[in-house]
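Participant:
Protein chains: 4
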Amino acid sequence: MNFDTSMPIYLQIIHLLKKKLIKGEIEPGSKMPSTRNLAHHYTINPNTAGRIYKEMEREGLCFTKRGLGTFATDSKDKIEAIKQEIAAELIHNFTLGMNELGYSKSDMITIIKESEEL
Amino acid sequence: MNFDTSMPIYLQIIHLLKKKLIKGEIEPGSKMPSTRNLAHHYTINPNTAGRIYKEMEREGLCFTKRGLGTFATDSKDKIEAIKQEIAAELIHNFTLGMNELGYSKSDMITIIKESEEL
Amino acid sequence: MNFDTSMPIYLQIIHLLKKKLIKGEIEPGSKMPSTRNLAHHYTINPNTAGRIYKEMEREGLCFTKRGLGTFATDSKDKIEAIKQEIAAELIHNFTLGMNELGYSKSDMITIIKESEEL
Amino acid sequence: MNFDTSMPIYLQIIHLLKKKLIKGEIEPGSKMPSTRNLAHHYTINPNTAGRIYKEMEREGLCFTKRGLGTFATDSKDKIEAIKQEIAAELIHNFTLGMNELGYSKSDMITIIKESEEL
DNA sequence: GTGGTCTAGACCACT
DNA sequence: GTGGTCTAGACCACC
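Residue numbers (the working numbering), protein chains in the order written: chain A, 9 to 126; chain B, 9 to 126; chain C, 9 to 126; chain D, 9 to 126.
In structure tokens, the structure reads:
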């Protein structure tokens, strides 16, 4: 796994895990890998792995059961909320950024229609 | 002028100046403010102001005449290229990000049509 | 360490480090001294040391792992390319300069044969 | 006339004038352009033009007759000495630089033989 | 521990 | 007056 140097590793992995949650690749309520496993899997420092779960727990995306490990949230509402939040930020960045460059709403629509990245 | 804490000041000002160039608010080939003026205007340290011009010079957005000051590039092609580059990144981030969340192309178009941010 | 006053310190040290890379005195991919170490070793300011690595990173000669340090590039091609680039400039300066003074190719060869600087 | 930004303008023009002297394009003892003419010809600041002659006078390459203007030195020995000095520096830079990169004397000779820049 | 950013203040060469 | 370099010292995020 190669990480972008422009963003903290722990954030990059959090993004990955969020996407997995949203797509259902991580089942709601299921046990997540131990920090040690996580660290090994992504070849990162165990401290960094710990920080990832701590941060996600703060956002309500997972919780720990003492002695049992870390578990993904089982609230589908929470997962949907995260999805909406990420989408809203993507939309905000895109529309405002393009607008500042002088592109109109219809310009944006045309561009996306013609986009071949998908 | 208030700056976002999540991004270095010098990058934020570079973004500002790029937009001004793209919009024509800075005339191609014209003299830009001296580093000391820039520093005073944004209430930043002169070193930081110098860094801004140096970074922009590396991107070909301006050039310095020794002892005379810093001048905006007079290449309209270069300016257009920068615009395209920024737009391409916005588009890339948006379409890929949305796609990863499970939104289709037509979803995106609908969302933008209904967007009221503009 | 004494520095030439006619050239910025940071450039002089970059030249030194490039030579070390080319000669293999710095192993490809190996960790380079921390900026603080570098600063102490050459008795320069840590900021200046940081600038050295940043400049070299821009040239693709090294890269940083966040929180871990700066590492020499592991691309032998890149190192060879730098070597060729430096040599090409030396050759260019020499042959054109001598030519402008009126020396012919064979003059230059004779001069180098008789040179005792090596 | 476009000047390299990496070297002071006055030095670049001094180099030009030195070459002209060495090649005989400026006749020994002949009148050189007035500073005002020089400034106009190269579109530089008159102060810079003045500095050029001052610097060259310091090196014994020209002299001023009050009220008459600036004249090139008429000493062919002096001109020859300048030529040797420049050549010596070119040779020094080349041989030492190449040597530091690991090229031997015979490598250099081969390279020059095969050089097609001339 | 690592590098990255910023401020403050100084000196310098160039035009 | 212009930008370029350097020092000193501080704070921060990251691993």
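Cβ atoms here follow ideal geometry from the backbone N, Cα and C, with glycine treated the same way.
Only a predicted model underlies this, so the values are computations on that prediction, with no experimental measurement involved.
1) Identify the contact partners of L99 (chain D) in chain C, using a Cβ-Cβ distance below 7 Å as the criterion.
2) Cβ of K84 (chain A) versus every heavy atom of the ligand ADP: is any distance shorter than 6 Å?
3) Starting from T56 (chain C) and walking both ways along the alpha helix (DSSP H), at which residues does that stretch end?
4) DSSP has K39 (chain D) in a bridge; who is on the other side?
5) Can you check which of these residues, C:T43, C:F11 and C:I119, is closest to I60 (chain C) by C-alpha distance?
6) Please confirm whether E108 (chain B) has its beta-carbon closer than 7 Å to some beta-carbon of chain A.
7) Terminal residues of the continuous alpha helix (DSSP H) containing T103 (chain A)?
8) Tell me which residue opens and which closes the beta strand (DSSP E) that T72 (chain B) is part of.
9) Any C-beta of chain B sitting closer than 7 Å to the C-beta of K91 (chain A)?
10) Which one of C:G105, C:K91 and C:K121 has the shortest CA to CA distance from K31 (chain C)?
11) Taking 7 Å as the CB-CB cut-off, is M116 (chain A) touching chain B?
12) Have a look at P36 (chain D) and K73 (chain B) and give me their C-alpha separation to the nearest angstrom.
13) Please compile the residues from chain A whose C-beta is within a distance smaller than 9 Å of the C-beta of T72 (chain C).
14) Can you tell me where the alpha helix (DSSP H) holding T118 (chain A) begins and where it ends?
15) Please list the terminal residues of the continuous alpha helix (DSSP H) segment that includes Y18 (chain A).
16) If you count every other CB in all the chains shown that lies within 10 Å of the CB of K26 (chain B), and 16 or more means buried, which is it?
17) So the candidates are C:S123, C:N10, C:D12 and C:K28; which of them puts its Cα closest to the Cα of L109 (chain D)?
18) In this structure, does DSSP put N45 (chain A) in helix, strand or coil?
19) Taking all protein chains shown into account, do 16 or more other C-beta atoms lie within 10 angstroms of the C-beta of M116 (chain D), making it buried, or fewer, making it exposed?
20) Step through the CB atoms of chain B and report whether any lies within less than 7 Å of the CB of A96 (chain A).
Facilitator: Let me spell this out:
1) The residue asked about is misnamed: residue 99 (chain D) is Ile in this sequence, not Leu. Correct list: I119 and S123.
2) The ligand ADP is not part of the structure shown, which contains no ligands of any sort.
3) P54 to R66
4) D:F79
5) C:T43
6) yes
7) K84 to L109
8) C70 to K73
9) yes
10) C:K91
11) yes
12) 34 Å
13) T13
14) K113 to E122
15) I17 to K31
16) buried
17) C:K28
18) helix
19) buried
20) no
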